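In our numbering, the protein residues as written are 1 to 360.
Encoded as structure tokens, the structure appears first; notes follow it.
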Amino acid sequence: MIKNKFLLIPFLILLLAYTIDKLLLLENIQTYFTKTMSEVNYFHKPELFEELKIYLQQNNRKKVLVYFGNSRALLFNNAYIEKKYPDWILFNFSVPGGTPDYFLFWLEKFEKENVRPDFILLDNSIEAFNLKAFIKIDEVLVNGLDFNFIIRHNARYSKKEITNFIAKRTFRTYQYRPKFTTVLERIKNDFLILNMYRSWRKKTKERLTLERGSASSEFASGVTSKEEVVKKYAEGDYHSYLTPYEFNFDMLKFQKDCFEILSRMKIPHSGIWVRIAPPYLELIKNRQVARKEKEVSTVYEIWYPKLKKIHTDTNTEFWNMNEDPSYKCNDFSDASHMSPSCFPDYTDFIFRNIFSQTRK
């Protein structure tokens, strides 16, 4: 009997570790060591989904635009939309690092619960379709999806990705990896940095709720960078996210699944390639990368035909901000993100295309 009790020790240790992990992730504790707020965006989306369902049931409601994007779509100003497009309202499901699997995660819920906004826009960022990025962003996998989704779509994830998901979702401290030096920095000067960080998290949560998923450009501290600075960012982003470049066909399947759900639901929709800085676009379209032995191509030549094809196959329009001569604003915070000063033009581009598409 005593020998059998020893068999419980590993389970008790695991339970203790799990409990400690959850305690460390309480808001008033984790703020001593966490360094990112991207999860705040992810954790807000279930709340936004419930708000959307309630709003769609209202009589005399406005038309609803839902945007599934990434950090390039976080700074919309709802006051601008309300003033210029008073018949429309935006529910922004964009998150940092947003990718098609995350979009599908939510669209499966839309279909299951018969949630039908008036228009849905989905991001087609070129970085999302790279399987071999030097810097692999796993925010969607860790913060955005659940076990059920991963199990159902396990064939589209590598063993490494699934292991990473299980480890980081089970033990969040493995994701954040607390450092004692960070804690010491946070408590200096009468907890100055800690209090500022907590205040910023609180304001971000409040703003996401108030702005229905957006952090408006009035709230954002983004600036317009000089051209030479943007060029340096372009080299860095290209090296980090597009080198090497191996097309992720499983991510393409996720995007196609999204379009097919929306077609079945008869919800007007489109894909969009959001504007990036011209120096970054120049690298994407002209710098060659290795594909196979003795074969080279540009990232654009690898990515664009495949994305264009699934849009054609699913009868989905593809809004290309980077090659549309009617779009003029070229202010950028960095090579990948338009400055908040461009978001009025960005907003106008979206609604101009919505009106054009829905009037056909």
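For each residue, glycine too, the CB sits at the ideal point set by N, CA and C.
Keep in mind the model is a prediction, meaning the values are calculated, not measured.
The residues I310, in chain order, have a CB closer than 6 Å to that of K256 in the same chain once the five nearest residues on each side in sequence are set aside. Here the region 331-338 lies against the region 276-288, with 3 or more beta-carbon pairs under 8 Å apart. Under DSSP, Y67 forms a beta bridge with N92, L121.
Fewer than three pairs of CB atoms, one per stretch, sit closer than 8 Å, so the region 280-289 makes no contact with the region 339-347. Its chain contains Y176 as the residues whose beta carbon lies nearer than 7 Å to that of T34, once the 5 sequence neighbours on both sides are disregarded; these appear in chain order.
Secondary structure at Q30: helix, using DSSP grouped into helix, strand and coil.
In the DSSP secondary-structure assignment, S270 is bridged to L121, E317.
By the 16-neighbour rule on beta-carbons within 10 angstroms, W200 is exposed.
Taken through DSSP and simplified to helix, strand or coil, Q58 comes out as coil. The three-state secondary structure of V142, taken from DSSP, is helix. Short of 8 Å from the beta carbon of N154, and not among the five residues preceding or following it, lie these beta carbons of its own chain, in chain order: I162.
Between the region 54-67 and the region 112-119, the count of Cβ pairs shorter than 8 Å is three or higher; the stretches touch. Three or more beta-carbon pairs drawn from the region 62-80 and the region 94-102 are found closer than 8 Å, and the two stretches are therefore classed as touching.
By the neighbour-count criterion, in which a residue is buried when 16 or more other Cβ atoms sit within 10 angstroms of its Cβ, D190 is exposed. Across the set F254, N28, I272, the C-alpha of N28 shows the shortest separation from the C-alpha of K202. Distance from the Cα of K132 is smallest, within the candidate group R352, Y174, F249, T347, for F249. The beta carbon of T182 lies closer than 8 Å to those of Y32, F33, K35 in the same chain, with the five residues before and after it left out. Within the DSSP bridge table, the entry for M251 names no partner.
The C-beta of V296 has fewer than 16 other C-beta atoms within 10 Å across all chains shown, which makes the residue exposed. In this model, K205 and P268 are separated by some 30 Å (Cα to Cα). Restricting attention to V66, E82, F129, A128, the CA atom closest to the CA of W106 is found in V66. In the DSSP assignment, H239 falls within the unbroken alpha helix (DSSP H) covering 227-241. Spanning the alpha carbons of Y241 and V289 requires a straight line of approximately 13 Å. Cβ neighbours of V223 within its own chain (closer than 8 Å, five residues either side excluded): S333, S339. Residue burial annotation: H44 is buried, with at least 16 other C-beta atoms found within 10 angstroms of its C-beta. Distances from the CA of E127 to each of Y300, L210, P46 were compared; the closest alpha carbon is that of Y300.
Within the same chain, G97 come within 6 Å of I137 by CB-CB distance, once the 5 residues on both sides are set aside. Taken atom to atom, the span from the alpha-carbon of P344 to that of F119 is near 19 Å. Under the three-state reduction of DSSP, M37 is assigned to coil, being neither helix nor strand. A distance of 7 Å or more separates the beta carbons of N92 and W273. At the C-beta level, I302 and F247 come within 7 Å of one another. Taking the C-beta atoms as reference points, P46 is found no nearer than 7 Å to F254.
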